[in-house]
Structures are given as structure tokens and as C-alpha cells.
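A short worksheet on the structure shown next.
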Amino acid sequence: MLEIKVTDTVTINVDGELAQVPKGVNVIEAMRVVGKEKEIPHYCYHPKLSVVGNCRMCLVEVGNPMRDRQTGEAILEENGEPKIGWAPKPVIGCATNVSEGMHVRTNTPNLIDCRNGVTEFLLINHPLDCPICDQAGECRLQEFSAEHGRGYSRFKEEKNVKPKRTRLGPRVTLDDERCILCSRCVRFSQEVAKDDVLGFVDRGTYSTLTCYPGKELSNNYSLNTVDICPVGALTSTDFRFKMRVWFLKRTHSICTESSVGANTEIWSREGKIYRITPRRNDAVNDTWMTDSGRGLFKEFESEDRLTSYSVDQVAKSLDDAVVATRALLKAGSVGVIGSAHSSVEEQYLLQKIIKQTDATCEMVQHIGEGDGLLLSEDRTPNLRGAFINGLIKQLPERELGQLKASIEGGSIKTLLVFNQDLEQLGIDLGKLKESIQVIYFGNSKNTTSERAKVIFPSLSVFEKEGTFVNQNFILQKFKQAVLPPVGLMSECGVLKAILHELNNEAPETAMPFMDELWSEISENVEILKSVKWSAIPEEGFALEDASFASMNFVETQNLKYKPNLVSKTV
Amino acid sequence: MAKTKVLERKPLTFSEKTYIPQIASGLAATFVNMFKKSVTLEYPEVRPVIPENYRGVPTLVKDPKGRVKCVSCQLCEFVCPPKAIRIKPSEIVDEESDRAHIEKEPAAFDINMLRCIYCGLCQEVCPEEAIFLQDSFSLSGYTREEMVFGKEKLLKLGGTLPDNHFKWDKKKSAEENTEKDH
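Read top to bottom, the protein sequences are chains V and D. First residue of the first sequence? That's 811 in the working numbering, and the numbers climb one at a time after it. First residue of the second sequence? That's 818 in the working numbering, and the numbers climb one at a time after it.
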């Protein structure tokens, strides 16, 4: 893997223009810095994988300043410029690192001829079945064939036929005819997923991508091979033949699977989500994400999703539900079970309600097994946000502590629950039915929602906007991809309505604007002091985490997280 | 403002005043046309001859072997200016079927004929030559739903057209030859 430290830069000459690029990067990356990435087509090179240089598409001409062999003196042209010794043939950009004074040509007729030749060879056995290929529209081979292909084939012989739908694993289907043998998937499995199951067998045009006998590509990162496949060879079994990519709208989002907070892209059309893919963020998830995180949107398509506000199990309007909530909250003795699935904004508004009603708040831990890569032990996206907002002071435990005793002892009259099933926490609502009233915020029906006094259906991360704070205290923004079920407001809107009702203020008719909410948050929350909603960059905003250095968060080492070893040993 | 020009009207001549030459020439035209071939068609009993390349109702066609040519690539849906076309793609899963090598077909193919503007872009863009604007030009219905033509109706309207390429047959025979080689 190529690690770039942008400390030193070198000056290179690209097509006659001088440019400053980081020292030690290869020519493709250097062109990305210069903004000429499009000039160098490539298939096998991937910024997060090792360089193999087997597609031969990224050919460039390079030359270095000449030096006298005896003296080591620079040889100069007549006009005093250093004389450039051009390499006699084009070289591949991915395996050529830049050096001081290097000259690079990216678009000479010779180069274009070479790339045309490479393209023609790649297309010899390619089935050209773009009309049925799922990669069409985001296929590198399609793009570069438009640029470098000749439009007709000189290959008169019969094309090689290979298996069209090999099952590589539970989620990946291989179409061997389309494979251009770039080996990105093989390298990914070796280097990133550390599950070396893929390889090429047979020779020449019969080369075929195969799994090791008796094994399959079943690791939790297998769908990344589909993402990095530059052609339509590796396809997602789930997304296969569902929708052409050019119909899909892309929305930037954050994966809620664990505290890693992988950056994602939601692909949707007319309110239906078709797939989720990772988005590059070198500080968070590189260019990868888990397979399990990609399927999370399906939970929200289930039948038992809550879709209307209700009081006493009767569907009511939001206003009625808010009025009923106010009565319950005003009665006092309020307990809150908060959630690390809520966004920073929701937690902030909840904290305001807690302060006003003098409630006690607790949270419970959601942990699972981590895999040391992009699935951390903490299975909530925003535990750090709860600390920043002051919802909790200590790390949550598996079970409720003091609050459970208070609930069972009868000193809590009203319980505000976020995304939790009380039965799983060992609280039997059947027994407590008379003494406690539950206000439930949640996605789907469960035993708690069946017995709740007031229900506020919550929206999925795809239906609202907000921010999460990930394991490394990076504040990350997610945007709304699809519309929520008819008539539902985001939790921020609901919590704000409750706050207004508590203070006897006129309710707002519009949804709260994030800009407005954030100007309030940045005033009141110390760590978020300098943050503005519109100024949170796409790649996230690193927050000051020194005050949490002594916390023993549950995460162990993973791709981008190093546990605080000092405090662990104490 | 533009200046109004007043034209002077000429007085009628003597022959114009009698009307006789005008009546005679009018009757002459009538009599000549009485013996010419009629240009009126008894529509709908008699239908006009539709010229080649006429852009009538878009239809889905089958190849001479009765196979639905559309592979639901959705390019027509993409290119359709009034967004009249909706396609639901599906996979041909039956391994035994002689179409299994084509892999993809439309599960549903709807053209909203109330939206269609008969531009012919769908025919132009189709990589499989599966959609054609043919000679049917008169269509009617009692409800809006009736005017959304489904896959079955489009195939019925389209019928079978000759296939010049046999692309998928060639593909299949190449597949079989390779199996023999190995």
C-alpha cells in the first residue's frame, strides 16, 4: 500500500507546465494533484492497493534531466535549460515515481496510439454486452473504449467464451468474459481483507478468476471487490439486473453499523434505495466498507415499521402526540433511555429536554465482535456524540444501572425511550403497566411500542440529515437520500416541537433548519464551539478529543483506530 | 405607428358585372372534377398507405424465432424526452431455457401513450433493435390506464421483424463450440 506523506514536494514538468507535487508519489497520483487525472487512463492501479502494472493502460512518456557520466554535472541546452533525457519508450505511470525535475508527457500521438493498442487487445475477447451489463455507465473499459477504441473490431476469429455466472460467494457473482485480469480483486483479498481466496488459473486468453478449491469469497468485505472491479466482471448478486446506474441519485451518507462511521454513498431512485457503496475518506475508511453495512437499508423496508404518531395505541397527529407528551413530562419523575444511534442534533435537543424536566438519563452499550478492520466493537454510530452533548458522563454498561432500580422501585413515572426494547433490558412492562408511562421513539414495532403511551416513529439515517461523531472524534455529516414515510417529521423536528410545547411557545411550522440549530449548538456545547453546519466538510471535521483521553472506549485496534493504551494499563 | 395605406378599389368591368364568365368557369371546374378519380378515403373502412419509416405507435418486436428481443437495458427509458417509458428489468434464471445465455429481459415494459410524442428516439437508441415505431397511428381508450401500453400489448402490436444479426444465436453457438474444444 502506498502511504503518502505530504511533507516534501518536488517540481515536475507536465506537458510543458511546471507543477508542485508531493515527493515520492507515482505519476498517476501526481496527475491527480495537478488535476490531469483524466489524462491518464488506468485499470489495475488502485490508490489503496499495491502496484502491479499489468493493464499497461497508464502509459506516459517521462524524461529526467541529463547528467554527464564522468563528472555528474548537469547537461544544459543552449538556452541554459537542463537537457532532458527522454525514456526511449513509454513507461507505466503507476509504477513510476516522480522525482525532482522530471518531465512527463501525457498526450503525445505516440502515447494515444499505445493506449489505443492496449484497448484493442482488451476488447478482443470482451463480449461487448453493455446492454445487459450492470457496470455500464460506470465502467472504465466503456469509458476508455469511447476515448481509445476504434469503433469496430479487426478480430475476425470467434471470441473466447467463458462462464457467464459463476458464484464466487454468497454476495458476489462473476462474469468471466468481461474480466480484463487487472487483479484488483485478488490484491484486495490479499492485502486488505486478508482472506486470500481469489486467484487466476489457466493461461493466455483462457485465464480465469477463480476461488481456491473448496473455498468461497464469503468474507464481510467481499462486495468491495465489486466496487473496485473496473469492468462488469464482479457483480453484486443483490444489485444484479435491478437498475441501471445512470438512473440512481447519489447521496453522501455515513454507515451506522459501528462507531467506525464509514463514509458511504446512497444510490436511490424515486425514493427507493438500490445500493450503498463506500466513499473515499482516508481518515476513516479508505475506500472500503463492510458487506453487512451495505444491507442496512433493507431493515427499513420491513412490514412492521412504525409509520404514524400514536397516543394510547391510536393513530394521532403530531400535535396531539406532543401535547400528550408534555402532560407526561410535566408530571415529573422522568427517566430517559438515550441512544447512541441518535444524531448529534437529536442528542442535543434531548439533553435540553432532560435539563428542563430534571430527568435522569442512562444509555446501554451495544457491542459485538470487532474484525480489526472497519467493524468496531461499538455497534453504535454516535456514542462519542452522547459524551460531547453531556447526555452521559460514563461509558454505558450492558445493563441499565440506577435507572432500572428506579423504574422497578416506582420512582420513575414517565420513561422516554429511544430505539430500545425494554424487554431486552429486563424491564417487564406488563408488570409495571400501571405505574409507568412510556414515550417511545423507534423505527419498528416491538414489545415496548405495543405498550407505549405515546409513539413517535423515528426516521432512518437515509431519510434525515444530521451528524455523527465517529470513533476518532471526527464529526461527519449525513444527508437525506430519500423521503420519509408520509406525514413523519425527523426526530429533530419532533423534539423541537416538544421543547416548544414545554415552554408554551408557538410551534414551528417548518422543519428546523440545520444551520439554525447548529448556531444554537455551537453556542452551548463547548467542544462544538467553532462548528458551523454549512462548514462541516465532506471528509468530516476532527474534534478536540483531549478531554476524553482517559476513557476506556470498547474499541480495539482497527484500520484507523488505535486504543488509548496508556489509560488501558492504568 | 405605421402609416395606413388606403388602396383605391377599382370599379367592376362590364363582363364582371354580368357574372356570366365567372359562373361558366366555376361550372367547368366542377364538371372536370366529376370525372376525375376521387381523393377522399372512406376512413376507417379504407386505410391510407403508410409510407416507409413512418413514426407511428412504438412497439416491441420479436425475432423470427419468437424471442422477445428487448434485454431491458433501459436506454429508451433514459432517452425518452416525455418520460413515457417505464421498465422493470429481470433476470432470466431458468438454466435449461434456450434464452438463459441472454441473461436479462424486461419483467414489465410500459409506455404511457398519453405521454409519448412519437419522436422515435427510443427506436434510434435501442442497441438490440427491439423497439420500432411502426405503422399504427390511431389509438383510443376509455381510461388513462388503458392508454398505458404494457409489455403484452406492445409485443402484440409489434409482431415479428426479420433479424439481420442473429447476435445471440452466434453467441450461443460460440459457447457450444468452446464446450466441444475443452
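By construction, the Cβ of each residue, glycine as well, lies at the ideal position given by its N, Cα and C atoms.
Asked, Found
"Expected contact under 8 Å - CB spacing of V/Ile1249 and V/Ile1217 to nearest Å", "Contact flag wrong, Cβ pair sits at about 14 Å."
"Under 9 Å from the C-beta of V/Arg1050: neighbouring residues of chain D", "Glu908"
"Residues from the segment 886-915 of chain D in contact with chain V, defined by Cβ distance under 7 Å", "Val888, Cys890, Gln891, Phe895, Pro906, Ser907 and Glu908"
"Cβ distance (whole Å) where V/Val1144 is taken to contact V/Val1264 below 8 Å", "About 13 Å separates the two Cβ atoms, so there is no contact after all."
"is_contact[D/Pro944, chain V] using C-beta, thresh 8 Å", "yes"
"Partner residues on chain D for V/Lys974, Cβ-Cβ distance less than 8 Å", "His918 and Glu920"
"C-alpha gap between V/Glu755 and V/Gly845, whole angstroms", "Residue 755 of chain V is absent from the structure shown; chain V starts at 811 and stops at 1380."
"Status (buried if at least 16 other CB within 10 Å, exposed otherwise) for V/Lys1372", "exposed"
"Residue nearest to V/Tyr1031 in terms of C-alpha spacing, selected from V/Leu984, V/Gly979, V/Glu1155 and V/Asp1012", "V/Gly979"
"Beta-carbon proximity of D/Leu956 to D/Gln940, cut-off 8 Å", "no"
"Contact between the segment 831-844 of chain D and the segment 904-918 of chain D (3+ Cβ pairs under 8 Å)", "no"
"Beta carbon proximity, V/Pro851 to chain D, threshold 8 Å", "no"
"Boundaries of the alpha helix (DSSP H) in which V/Arg1194 is found, first to last residue", "Leu1193 to Ile1198"
"Nonlocal neighbours in the same chain, by C-beta distance under 6 Å from V/Ser1028, ignoring five residues either side", "Gly979 and Pro980"
"Selection from V/Phe1283, V/Asn836, V/Gly1182 and V/Val1341 that minimises the alpha carbon distance to V/Ser1357", "V/Phe1283"
"Reduced DSSP category for D/Glu825 - H, G, I as helix; E, B as strand; rest coil", "coil"
"Exposure of V/Thr1379, with buried meaning 16 or more beta-carbon neighbours within 10 Å", "Residue placement at V/Thr1379 is flagged as unreliable, the pLDDT there being 43, under the threshold of 50; the coordinate-derived value follows with that caveat. So V/Thr1379 counts as exposed."
"Proximal residues of chain V, C-beta to C-beta of D/Asn994 below 9 Å", "Glu968 and Val971"
"Beta carbon proximity, D/Ala991 to chain V, threshold 8 Å", "yes"
"DSSP beta-bridge partners of V/His913", "V/Asn823 and V/Gly873"
"Whether V/Leu1019 touches V/Met1099 by CB criterion (8 Å)", "no"
"Short CB-CB distance (under 8 Å) between V/Pro941 and chain D", "yes"
"Per-residue contacts from V/Trp1056 into chain D (C-beta, under 7 Å)", "Phe895"
"Meets three-Cβ-pair contact criterion under 8 Å: the segment 1203-1216 of chain V and the segment 1254-1268 of chain V", "no"
"Those runs of the beta strand (DSSP E) which lie wholly inside the segment 1101-1163 of chain V and span at least 3 residues", "1144-1147"
"For D/Asp927, the first and last residue of its enclosing beta strand (DSSP E)", "Lys921 to Asn929"
"Short Cβ contact (8 Å threshold) for V/Met1173 with V/Gly1148", "yes"
"DSSP three-state assignment for V/Asn836, whether helix, strand or coil", "strand"
"C-beta contact flag for V/Ile838 and V/Gly903 at 8 Å", "yes"
"DSSP beta-bridge partners of D/Lys879", "D/Val885 and D/Thr977"
"Alpha carbon of V/Ser1221 to alpha carbon of V/Leu1139, nearest angstrom", "14 Å"
"Identity of the residue in V/Asp1048, V/Leu1044, V/Leu938 and V/Ile1083 nearest V/Thr1061 by Cα", "V/Ile1083"
"At least three beta-carbon pairs within less than 8 Å, the segment 870-879 of chain V to the segment 893-912 of chain V", "yes"
"Euclidean distance between Cα positions of V/Tyr855 and D/Phe983", "38 Å"
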